[in-house]
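Each residue of the sequence shown is one higher than the one before, counting from 51 in the working numbering.
Backbone N, C-alpha and C define an ideal beta-carbon position, used for all residues, glycine too.
Everything below concerns the one structure shown next.
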Amino acid sequence: MMRRILVLLCTFTAGAIVGHLGIASIGSHFNEPHLVYAQTHKPLMITHLYTGPDNQTHAEEIELKFTPGNPAEVSKMMTITSAELHRTAGGSVDDWHRAPRRQYVITLSGHGEVEVAGGKKVSMGPGHIDLVEDTTGKGHITKVVGAEDRVTLQLPLADQSGR
Numbered sequence: 051m052m053r054r055i056l057v058l059l060c061t062f063t064a065g066a067i068v069g070h071l072g073i074a075s076i077g078s079h080f081n082e083p084h085l086v087y088a089q090t091h092k093p094l095m096i097t098h099l100y101t102g103p104d105n106q107t108h109a110e111e112i113e114l115k116f117t118p119g120n121p122a123e124v125s126k127m128m129t130i131t132s133a134e135l136h137r138t139a140g141g142s143v144d145d146w147h148r149a150p151r152r153q154y155v156i157t158l159s160g161h162g163e164v165e166v167a168g169g170k171k172v173s174m175g176p177g178h179i180d181l182v183e184d185t186t187g188k189g190h191i192t193k194v195v196g197a198e199d200r201v202t203l204q205l206p207l208a209d210q211s212g213r
């Protein structure tokens, strides 16, 4: 039963991510190749947490690149080994810590905040994707903002050696 729920959740999450995409060209559906409708897609961003040369955790926003598909565009991400659901109580604070492994962390519900070097704070709400790679150095602080639990889908990367 739990495995079925996990499969459904992973399918739902993948669908939610892909759901941010649009169809690249409507004109081809009408057999009118000369008629192309320009569509502007909102960039899909991912927050990358990494350890810099100063041994501090830094955060950068990276735009996911998509290649045309039919009907959906596709962005190839790194291979994962498994999937875990984590639920953290509202108001929780995980003081300075490093990531236990390289992984994607996708917020499904609730709200969080990560603090990195220099006091920079990154807000995380439903649909927010993090690529967490700060397995060395000082690490980061993770807070659950508000009284609602934060539920995340954690996807450990197959390649734990880094880029």
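Query, Result
"Where the beta strand (DSSP E) through S132 begins and ends", "Neither: S132 is in no beta strand (DSSP E) and is coded neither H nor E."
"Proximity winner among M95, Y100, L99 and K126, relative to I112 (alpha-carbon distances)", "M95"
"Spatial distance of V143 from D184 (CA atoms)", "18 Å"
"V155, buried or exposed, once every other Cβ within 10 Å from all chains shown has been counted against 16", "buried"
"Close Cβ partners of K188 (< 7 Å) along its chain, the five nearest in sequence each way excluded", "N105, Q106, T107 and W146"
"Reference G169; option with closest CA among I191, R151, L205 and S159", "I191"
"CB contact flag (A197, G162, <8 Å)", "no"
"Backbone CA spacing between L99 and D180 [nearest angstrom]", "7 Å"
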